[in-house]
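First residue of the sequence shown: 1219, per our numbering; consecutive thereafter. Positions of the beta carbon are idealized from the N, C-alpha and C atoms, including for glycine. The structure appears right after this line, and notes come after that.
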Amino acid sequence: MSFYLNARFDEKLVGEFGIFLNMINLSFVVYVGFASALVIYLSKLPNQPIKLHRTTNRQIDWLIIRFVAGSLLAGAVLSPLLCWLYFGQFDTKQLLIVLAALLVAAIDGLAIATIAKLRVAGDTKKPPLFRLLLVAVGLPLGGWLLSMAGLFGVGIAFIIANACSVIALKVYQKRLLL
1219 MSFYLNARFD EKLVGEFGIF LNMINLSFVV YVGFASALVI YLSKLPNQPI
1269 KLHRTTNRQI DWLIIRFVAG SLLAGAVLSP LLCWLYFGQF DTKQLLIVLA
1319 ALLVAAIDGL AIATIAKLRV AGDTKKPPLF RLLLVAVGLP LGGWLLSMAG
1369 LFGVGIAFII ANACSVIALK VYQKRLLL
């Protein structure tokens, strides 16, 4: 992808895209840690693999949503500071880059936590395949939107791809657990 960007766009856009991906990776670490903690907690419940009760299932979903929303809110509050640290100044366009990266990571965090919950429930093979929607949907859509909407289009493509992944996981979860 970097060769594609370098051949078609200026260095500034390529650099901003690199920072965008770096922000996603930094945020991603938080969600992986949360998913690991969720797996540890759920695996300590008796009777593995777990056939989660509807109430327990809803409570875990609520916990996941609260964590993702809280981390997204914290990221939004800290994003001006992150802009200053990464860019050395504060600009609206750069703030949008940081916020878009945090949003992509938050939606991906929903997918990671849902996969963790499904793995503890006994399904270890299919859930990770749903995350491949990021590659199958996000990259082609991102390449197409990049030429029309720039970096913002790539962010939208990643958001759409991650949202598709979360929706597919939730539909699959309903069929498996309820």
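Secondary structure of residue i, DSSP reduced to three states
i, result
"residue 1279", "helix"
"residue 1392", "helix"
"residue 1340", "coil"
"residue 1312", "helix"
"residue 1360", "helix"
"residue 1327", "helix"
"residue 1373", "helix"
"residue 1293", "helix"
"residue 1288", "helix"
Extent of the continuous alpha helix (DSSP H) to which residue i belongs
i, result
"residue 1250", "1229-1261"
"residue 1344", "Residue 1344 -> no alpha helix (DSSP H), and no H or E assigned at all."
Minimum C-alpha distance to residue i - residue among the options
i, options, result
"residue 1234", "1254, 1312, 1258 and 1244", "1312"
"residue 1355", "1382, 1329, 1334 and 1320", "1382"
"residue 1249", "1260, 1331 and 1345", "1331"
"residue 1295", "1329, 1247, 1320 and 1387", "1320"
"residue 1255", "1238, 1282 and 1315", "1282"
"residue 1333", "1380, 1280, 1387 and 1373", "1387"
"residue 1328", "1227, 1285, 1293 and 1304", "1285"
"residue 1385", "1260, 1325 and 1305", "1325"
"residue 1300", "1277, 1238 and 1262", "1238"
"residue 1323", "1277, 1232, 1306 and 1240", "1240"
"residue 1262", "1232, 1335 and 1225", "1335"
"residue 1293", "1314, 1337, 1360 and 1377", "1314"
Status (buried if at least 16 other CB within 10 Å, exposed otherwise) for residue i
i, result
"residue 1297", "buried"
"residue 1287", "exposed"
"residue 1166", "Outside the modelled stretch of the chain, which goes from 1219 to 1396, sits residue 1166, for which no answer is possible."
"residue 1258", "exposed"
"residue 1243", "exposed"
"residue 1396", "For residue 1396, the predicted structure reports a pLDDT of 49, less than 50, and the residue's modelled location is therefore unreliable. The matter cannot be settled from this model."
"residue 1339", "buried"
"residue 1245", "buried"
"residue 1358", "exposed"
"residue 1316", "buried"
"residue 1291", "exposed"
"residue 1277", "exposed"
Residue i: CB within 6 Å of a non-hydrogen atom of the ligand NAP
i, result
"residue 1288", "Within the structure as shown, the ligand NAP is missing, as the structure has no ligands at all."
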